[in-house]
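As you go down the protein sequences, you meet chains A and B in turn. Take the first sequence: its letters are residues 200 to 996, numbered as in the working numbering. Take the second sequence: its letters are residues 73 to 413, numbered as in the working numbering. From the three backbone atoms N, C-alpha and C, an ideal C-beta is built for every residue, glycine too. Bear in mind that the values here come from a model prediction, so they are computed numbers and not experimental data.
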Amino acid sequence: MDLSRKWLAEYAEISADSKAYADRMTLSGSKVELTRELGDEIRNVVIGRVVSIERHPDSDHLWVCQVDVGQPEPVQIVTGAQNVREGDIVPAALHKSLLPDGKKIERGKLRGVKSEGMLCSLSELNLDTHDFPDAIDDGILIFTETDGVSVGDDVRTVIGADDSIVEFEITNNRPDCLSVIGLARETAATFGVPLKLHTPQVRGGAGEIRDNLAIEVRSPELCPRYTAKMVKNIKIAPSPKWLRQRLRASGVRPINNIVDITNYVMLEYGQPMHAFDYACLGGGKIVVRTAFDGETMNTLDGTPRALTPDMLVIADAEKAVGVAGVMGGENSEITENTQFAVFESANFDGVSIRKTASALGMRTDASGRFEKGLDPENTLPAVLRACELVEQLGAGEVLDGVIDIRASAFVPTTLKLQPERINALLGTDVPREFMVKTLEALDFTVDADDTVTVPSWRGDIEHYSDLAEEVARFYGYNEITPTLFDVNAAVGGFTARQTAEREAGRILRGLGYSEIYTYSFIGTADYDKIGMAQDAPERDSVTILNPLGENRAIMRTTPLPSMLDTLARNRGARNDDVRLYELAKIYCPTGDILPDERVIVTLGAYGDCDFYTVKGAIEAFLSAFRVPNPVFFVGTALPSFHTGRFAYIYSDTLDNGGKPIGLIGQIHPSVAREYDLPDCYAAEIDLADMLDAGAPEPKYAQLPRFPSVTRDIAVVCGEELSAAEIIGCVTRAGGKLLRGCKLFDVYVGAQVPQGKKSLALALEFRDDDRTLTDEEADNAVAAILAALDSEYGAGRR
Amino acid sequence: MQEKLTALRDAALGELQIADSAKSVEELRVKYLGKKGELTAILKQMGGLSAEERPVIGALANTVRSEIENAIAARSAEVDAIELEHRLKAERIDVTLPGKTPRVGHKHPMSIVLDEAKDIFISMGFTVAEGPEVELSVYDFDKLNIPPNHTVREWSDTFYVAEDESVHLRCQTSPVQVRVMEKQSPPIRIISPGRVYRKDEVDATHSPMFHQIEGLVVDRGITLGDLKGTLNALVGKLYGTGTKTRFRPHHFPFTEPSCEVDVECFVCGGKGCRVCKGEGWIELLGSGMVHPKVLAGVGIDPDEYSGFAFGIGVERMTMLRFGIDDMRLLFENDTRFLSQF
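As structure tokens, then:
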């Protein structure tokens with residue numbers, strides 16, 4: 200809401216400068232975004248009278264004017280405009296002047312002739328013919344007698360630029376403050392000055408409205424009140440300057456007197472109004488009803504609109520003539536030829552207006568106000584004010600009577616003041632008298648028995664806590680003493696799971712991975728890009744019905760696309776050797792209303808690394824969370840991954856009840872190419888599954904009292920066998936004496952037969968109760984070798 | 073014999089003086105004191121001595137032996153020290169060469185701020201509550217007293233998942249308040265950090281997904297003064313004790329009275345600058361006393377209990393804290409950016 204300080208002054212007289220006004224209004228709840236001093240944009244431009252004008256000696260299009268600007272001597276100004284005549288009253292930008300577009304004017308010479316400034320056109324003053332209807336677009340602004348200007352006047356006062364515009368951010372609950380009167384009331388209460396309200400006076404006498412118009416409200420639930428007055432013998436003309444300037448200052452473009460009056464009243468009273476051309480209302484009737492199935496109409500902006508039966512329209516006997524509360528119809532708009540008009544001042548249901556405006560894709564100033572819920576008591580004063588202005592402007596003659604249809608009588612809200620309770624909520628000791636004074640300043644009434652009657656425009660006040668806010672904002676939030684509740688009354692802390700999440704990040708950073716934050720939504724094209732099968736169940740995603748774009752239309756069921764995108768962006772930035780992790784959710788539909796939101800730890804890496812770099816990090820990570828014996832199962836690789844470099848991660852062997860907790864692999868080269876990435880690697884761990892699989896807090900086990908015996912063996916086996924298979928066999932055959940089996944070398948080459956490989960294993964044997972003999976260790980090794988031979992045909996190298 | 077012994081001693085001590093390595097000292101020990109050494113050779117001749125001479129020579133021999141032994145030990149220590157000195161000289165390295173640094177990853181700046189805020193509230197007796205991001209509108213709107221005509225319900229503002237508007241991506245962390253209050257009776261003291269979604273195009277100060285920290289305290293006798301005290305404590309810990317705050321009336325459907333909290337601009341100290349857009353204050357968070365309707369809606373008697381709630385934008389706090397001028401950086405995850413934290 201843009202408020203003109205000059206307009207405000209009609210209702211509340213205050214002397215505060217812009218800064219003080221903004222500060223105090225902000226602290227009493229009407230947030231000032233900024234204040235624009237209109238005059239700041241224009242400097243040293245004055246009204247001048249052209250005393251004489253002659254052709255420039257060296258130009259066929261320039262003119263040399265002597266201009267009386269109220270100084271002892273006329274100044275000489277050269278102009279290129281062709282519409283200036285002797286005696287014309289014009290705006291003259293003098294030496295060292297400033298124009299709204301930032302242009303600075305200084306004295307100079309034009310083709311050798313001295314010029315002390317510049318004569319200005321409408322556009323050079325940031326105006327158009329709506330502001331000065333008698334002026335022309337293409338030439339110098341020539342003032343007329345009706346403009347009432349005198350030589351030497353500062354042009355700012357003439358064009359209404361001697362004003363400050365205060366831009367307020369009005370919260371949703373206060374549509375009453377989207378008006379000059381509403382803000383004036385807040386201003387008056389804030390500064391402790393009287394609010395000077397005005398009661399419209401209408402002479403009327405041009406006939407009786409009911410002889411001309413009938414109104415029927417068929418949907419009273421969507422239209423709690425419909426108020427109309429009529430005006431005849433209309434003379435469409437430009438509005439007077441003062442009115443045009445008020446509209447301009449409020450950011451509204453002047454059109455003509457009748458339309459300007461509706462806009463003026465909307466700004467002043469906060470009540471949207473509409474004017475219909477009576478000649479276009481078939482049957483002399485207005486019907487407020489919902490649209491018929493398949494009904495269409497053109498709105499004022501010339502756009503055809505398809506209406507639906509849940510939309511409220513204003514119709515005549517036959518056709519819709521306006522979308523209620525949103526925009527009038529083209530078929531009944533006020534034109535140059537309008538002579539007889541109906542002023543509509545109605546109250547509509549906010550939800551209905553919101554839905555209609557949203558469905559039609561046109562939020563207008565009116566709909567934006569209606570959807571917040573307006574004061575039904577405001578329709579009559581507003582329409583009377585409009586009629587008063589019609590008479591004041593000589594724009595037409597007002598008919599007697601008003602048609603005013605309301606669904607129910609207004610019953611004001613009443614509340615008990617409860618000063619102790621308000622103080623208890625605020626933690627204050629505000630006297631009752633202050634509370635009463637504050638509420639009365641806002642036009643509440645307070646009875647002797649503390650019954651508060653809420654004014655009709657304060658639909659937001661329903662409860663004692665609402666009254667507490669009214670008190671607090673004028674008492675001053677900053678006057679309330681800060682206190683602390685009893686901090687010791689409860690023990691705070693993280694859950695085990697929350698601690699684990701934080702720990703997970705700490706470990707991963709220790710392992711060299713940096714944390715990333717990516718968007719939860721992706722696009723289906725991302726599933727294609729990572730090579731996900733068309734029939735993969737993971738394609739079933741929570742879909743956003745109104746996404747910002749196709750690339751942000753679904754909630755991800757896999758963290759992989761976000762990670763690959765991030766790796767690719769880093770690659771694009773020429774960051775080499777990148778290791779990243781994300782700890783964030785995926786959203787898996789379950790058949791229930793809400794999806795299963797699971798936290799996934801995702802690792803991604805490219806650069807100086809390979810599969811085992813990432814696997815090592817995962818192993819260290821899992822070990823930190825006491826996953827006892829993670830198993831990397833070779834399985835059919837997901838399509839995003841290299842078929843030969845992929846494993847599912849289980850918490851333990853299947854025999855020991857291991858559960859899937861994640862996966863790891865090299866990204867499939869074709870997928871990597873899609874992202875313009877080199878060889879890169881990724882792993883995912885489901886945090887909850889991993890924590891479930893983690894061993895409980897360990898109990899201390901006694902340190903070994905007897906030394907262990909170590910034996911290194913090299914086993915030659917088929918190249919296709921996995922290390923896990925060989926180690927599994929060794930572990931089973933080693934019995935209880937075998938305490939450790941570490942693979943320390945893999946060899947393929949000339950020293951072993953074609954198709955074979957050699958695995959070097961360090962074996963550790965130990966007994967808890969005695970020192971083992973070499974012979975016992977040798978026997979154990981022999982048993983292991985025998986098992987390797989019989990199970991895999993593997994022998995010692 | 074006496075002369076032989078003293079001559080032996082003198083020779084040994086003399087030679088030790090010039091022995092310059094552990095090896096030559098050891099050779100001298102073998103030469104003089106070894107089984108086949110010179111002292112042994114002399115002592116072997118003791119058999120030819122008279123009974124009177126024998127103890128005298130014997131005593132002298134022992135003296136000589138211990139003198140030589142002491143000298144060897146002393147010289148040995150000296151030589152070791154010299155050798156060690158040589159070794160240390162030879163092993164000198166360029167300590168300014170780069171170290172073998174294990175790679176350490178970086179914490180995202182938002183996590184830094186989030187963790188810090190969580191710790192502050194934990195220390196004030198809060199616990200951390202969590203809730204779904206794909207949320208029922210009844211929790212994110214209806215039970216928060218957001219009226220049916222509120223603009224936040226517009227399809228231009230909120231991401232809907234269900235055609236009938238019953239499910240959407242939560243546009244605030246406040247539904248967690250409702251979920252907690254439905255399950256837990258007062259005293260309640262929670263924060264709830266998490267992702268929220270609003271239909272804003274990405275630019276330097278907007279993102280369709282961002283993070284909030286919700287806070288909620290419900291108990292008997294909780295006041296607006298308590299809200300101020302708590303938030304002042306937070307601001308003091310985040311931005312330094314004594315950082316000025318300003319409480320401004322505002323409107324949120326789920327709190328009444330409501331306020332927005334500004335902190336004095338820490339760039340210009342309140343004088344007005346580019347960061348605070350000349351206002352001298354920076355908007356930090358929204359808060360208020362929990363609306364009685366919200367309390368009643370979850371079965372908490374508003375006549376008995378009161379509470380306050382607040383919501384803080386994490387991106388904003390992070391950007392202010394580290395002087396980050398473009399929100400997009402937070403979600404681009406360029407390692408040149410991440411490695412600064």
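- For B/V97 and B/Q74, the gap between their C-alpha atoms comes out near 25 angstroms.
- DSSP places B/N405 outside both helix and strand once states are collapsed to three, so it counts as coil.
- Cβ-Cβ separation between A/Y718 and B/M182: approximately 13 angstroms, too far for a contact (criterion under 8 angstroms).
- Between the alpha carbons of A/E818 and B/G350 lies a gap of roughly 53 angstroms.
- Contact check for A/A540 against A/P423 fails: the beta carbons are separated by 7 angstroms or more.
- At least 7 angstroms separates the CB of B/H278 from every CB of chain A.
- A/T563 counts as buried, since at least 16 other C-beta atoms from the protein chains shown sit within 10 angstroms of its C-beta.
- A/W206 is classed as buried because its beta carbon has at least 16 other beta carbons within 10 Å across all chains shown.
- The Cβ atoms of A/H255 and A/V263 lie closer than 7 angstroms to each other.
- In this chain, A/D201 is not harboured by any alpha helix (DSSP H); it is covered by the beta strand (DSSP E) spanning D201 to S203.
- Runs of the alpha helix (DSSP H) spanning 4 or more residues and lying entirely within the stretch 319-372 of chain A occur at 354-357, in chain order.
- For B/C348, the secondary structure class from DSSP, reduced to helix, strand or coil, is coil.
- Taking the Cα positions, A/C808 is about 19 angstroms away from A/S839.
- A direct Cα-Cα distance of roughly 7 angstroms separates A/I408 from A/K428.
- Within chain A, the residues whose beta carbon sits less than 9 angstroms from that of B/K179 are G704, R705, R708, S713 and E714, listed in sequence order.
- In this structure, the alpha-carbon of A/I983 lies about 53 angstroms from that of A/F720.
- Contact check for A/A585 and A/I460: beta-carbon distance about 5 angstroms, within the 8 angstroms limit, so the pair qualifies.
- Interface annotation, B/C331: in contact with chain A, CB-CB separation under 7 angstroms.
- Here B/L367 carries a helix assignment [DSSP, helix/strand/coil].
- Look at A/N497 here: in three-state DSSP terms it is strand.
- For B/F282, the nearest beta carbon of chain A is not closer than 7 angstroms to its own beta carbon.
- If only uninterrupted alpha helix (DSSP H) runs of at least 4 residues are considered, those enclosed by the stretch 434-497 of chain A are 440-448 and 456-468.
- Each of B/G352, B/A305 and B/E332 was checked against the Cα of B/G358, and the nearest Cα belongs to B/E332.
- Around the beta-carbon of B/W353, 16 or more other beta-carbon atoms lie within 10 Å, marking it buried.
- DSSP places B/D334 within a strand segment (E or B) once states are collapsed to three.
- Between A/A211 and A/V365, the C-beta spacing is not below 7 angstroms.
- A/G861 places its beta carbon less than 7 angstroms from that of A/D885.
- For B/G297, the secondary structure class from DSSP, reduced to helix, strand or coil, is helix.
- When Cβ-Cβ separations below 7 angstroms define contact, B/S138 makes no contact with chain A.
- Beta-bridge analysis with DSSP links B/T327 to B/F324 and B/V362.
- Excluding sequence positions up to five before and after A/V348, its CB lies within less than 8 angstroms of the CB of I246, I288, F342 and V357, all in the same chain and listed in chain order.
- Residues of chain B with a Cβ closer than 9 angstroms to the Cβ of A/L779 are, in chain order, G177, N405, T407 and L410.
- Remark: C-beta atoms of A/A490 and A/M510 approach each other more closely than 7 angstroms.
- Contact annotation, A/Y847 with A/F832: C-beta distance approximately 4 angstroms; criterion of less than 8 angstroms satisfied.
- Excluding five sequence positions before and after A/R751, the CB atoms of its chain that fall closer than 8 angstroms to its own CB belong to Y718, F720, I721, G722 and I743, given in chain order.
- Contact note: A/D665 reaches chain B through E328, using a C-beta cutoff of 7 angstroms and chain order.
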